[in-house]
Structure formats: C-alpha cells, structure tokens
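Residue numbers (this note's numbering): 34 to 253.
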C-alpha cells in the first residue's frame with residue numbers, strides 16, 4: 034500500500050508567521066491590545082476565529098459576533114495583502130528539493146492546513162503541483178487540535194490515517210495527527226513538545242525521519 038505524507042503549510046513548507054503577526058497586531062491595536070511574543074505563540078496553528086478569541090481574552094467589553102467577524106475579515110484582508118508578495122522564490126531550496134525527491138519516490142502528498150488561504154499560498158509559491166489534495170480551513174468545521182483536517186486529507190489521498198505521516202510544527206498539529214491515528218514528524222516549535230513519533234531539525238532530515246517511521250510501522 035502507498036504511504037501518504039500530509040504537510041502542515043505555515044511553519045513547515047513556508048513561514049508567513051510574521052505576516053500573521055503583523056496583521057493581527059494591526060487589528061488588535063484598534064482595540065488597545067498589544068500582540069507580544071507570548072500571545073503570538075498562542076496563535077500558531079489555530080483558526081482565525083480561535084486566534085481572535087485568544088486576542089480578546091481579558092478585553093474589557095463583549096463583542097458581538099458581527100463585530101468579531103468584521104475584525105477577522107479585516108485581519109485576513111491585511112494578511113492577504115502581505116501574501117501578494119509571495120513567489121516560488123519564497124520557498125526554500127531544501128523544501129523544493131525534498132518535495133521533488135518525495136514525489137519521484139511515489140509518495141502521495143497532501144497539505145492539511147487550518148488556513149483558508151492555503152490554496153492561494155500554494156498557487157503563489159508554485160507548491161500546488163507537488164500535492165494530490167489540499168485541505169484548508171474552508172473545508173473543515175473544527176480547527177486543530179481536532180483531527181478533522183488530517184482525516185479529510187488521508188481520505189483525499191485514498192488512504193487510511195494509519196498509513197499517513199503528518200509533518201507539523203505546532204503542538205496542536207501534533208495532537209491532531211495523534212487523534213486522527215496518523216504518525217507524526219515534528220519540526221520547528223513542535224520538536225520540544227516531545228509527543229511526535231520523531232523529529233527533524235531541517236527538511237534535509239525528512240527522508241531519514243520517514244524511513245524511521247516506515248520501519249517502526251513495518252510498512253512494505
């Protein structure tokens with residue numbers, strides 16, 4: 034049976050964290066709220082509305098759903114403006130080389146992201162041809178750590194979750210992979226979480242990490 038690889042997008046294939054932070058900071062500033070490093074870390078790997086709820090903790094008045102939706106839409110407008118500057122050169126050589134090699138080896142590959150902008154980013158950066166399916170925030174009801182995004186990605190690849198490996202950089206993403214029944218490889222901030230099946234410090238280590246899991250699962 035084939036092996037599926039499911040990649041989170043932001044923080045794994047590309048980093049747009051600075052754009053997220055700048056967009057949220059612009060919105061939060063209108064409310065008199067500062068987005069510091071601790072708050073910015075809490076916003077990683079979760080949905081837009083969940084991020085807004087984090088920002089609003091401790092805010093001195095209750096906002097209506099209409100007001101919240103307007104703030105979230107404003108954040109996305111600013112974020113999309115930043116994304117317009119993305120090109121294929123925005124993807125590191127290590128990532129491009131690894132994806133090309135994995136595709137040649139016959140792996141089925143998907144993007145599983147809570148971001149509704151995932152297809153737009155994939156198109157702007159030239160990532161889309163590497164992937165058989167892209168599951169984004171518009172296709173799910175529950176953001177990570179709910180496993181929905183990875184269950185849908187595995188289904189889109191035509192594989193059971195336990196035949197898929199998720200590559201993630203957030204704790205919520207690792208928990209989502211575990212709950213889905215997938216194997217997981219941690220990178221970035223998720224490495225110190227310690228609950229993934231293995232971890233990598235760079236994309237160049239990915240083939241070895243995949244092989245570790247294949248041996249652990251006794252896949253043929």
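Using N, Cα and C, we set each Cβ at its ideal position, and we do this for glycine too.
Beta bridge counterpart(s) of residue i as assigned by DSSP
{"i": "residue 231", "result": "218"}
{"i": "residue 47", "result": "43"}
{"i": "residue 38", "result": "142 and 198"}
Inter-residue Cα distance where the pair is residue i and residue j
{"i": "residue 45", "j": "residue 242", "result": "15 Å"}
{"i": "residue 60", "j": "residue 107", "result": "7 Å"}
{"i": "residue 77", "j": "residue 126", "result": "24 Å"}
{"i": "residue 64", "j": "residue 112", "result": "18 Å"}
{"i": "residue 173", "j": "residue 86", "result": "18 Å"}
{"i": "residue 150", "j": "residue 54", "result": "15 Å"}
{"i": "residue 47", "j": "residue 161", "result": "13 Å"}
{"i": "residue 229", "j": "residue 223", "result": "8 Å"}
{"i": "residue 35", "j": "residue 94", "result": "52 Å"}
{"i": "residue 120", "j": "residue 114", "result": "14 Å"}
{"i": "residue 180", "j": "residue 141", "result": "19 Å"}
{"i": "residue 246", "j": "residue 153", "result": "31 Å"}
{"i": "residue 227", "j": "residue 214", "result": "17 Å"}
{"i": "residue 190", "j": "residue 234", "result": "27 Å"}
{"i": "residue 116", "j": "residue 56", "result": "11 Å"}
{"i": "residue 225", "j": "residue 207", "result": "11 Å"}
{"i": "residue 302", "j": "residue 194", "result": "This structure leaves residue 302 out entirely; the chain is present only between 34 and 253."}
Of the listed residues the options, nearest to residue i (C-alpha basis)
{"i": "residue 134", "options": "175, 227 and 237", "result": "237"}
{"i": "residue 196", "options": "180, 153, 125 and 217", "result": "217"}
{"i": "residue 40", "options": "89, 147, 97 and 54", "result": "147"}
{"i": "residue 89", "options": "224, 225 and 58", "result": "58"}
{"i": "residue 83", "options": "193, 138 and 176", "result": "176"}
{"i": "residue 198", "options": "226, 235 and 239", "result": "239"}
{"i": "residue 184", "options": "203, 202, 163 and 209", "result": "209"}
{"i": "residue 200", "options": "212, 191 and 232", "result": "232"}
{"i": "residue 70", "options": "51, 207 and 79", "result": "51"}
{"i": "residue 274", "options": "212, 186 and 219", "result": "No answer is possible for residue 274: the residues shown for the chain start at 34 and end at 253."}
{"i": "residue 139", "options": "155, 163 and 205", "result": "163"}
{"i": "residue 178", "options": "49, 101, 75 and 251", "result": "75"}
Residue i CB to nearest heavy atom of the ligand ZN below 8 Å
{"i": "residue 103", "result": "In the structure on display, the ligand ZN does not appear, and there are no ligands present to speak of."}
Report the start-end ranges of each alpha helix (DSSP H) in the stretch 158–211 that is 4 residues or longer and not cut off at the edges. 181–190
Quick test of the definition: if touching needs 3 or more C-beta pairs under 8 Å, does the stretch 165–172 touch the stretch 118–132? They do not touch, by the three-pair rule.
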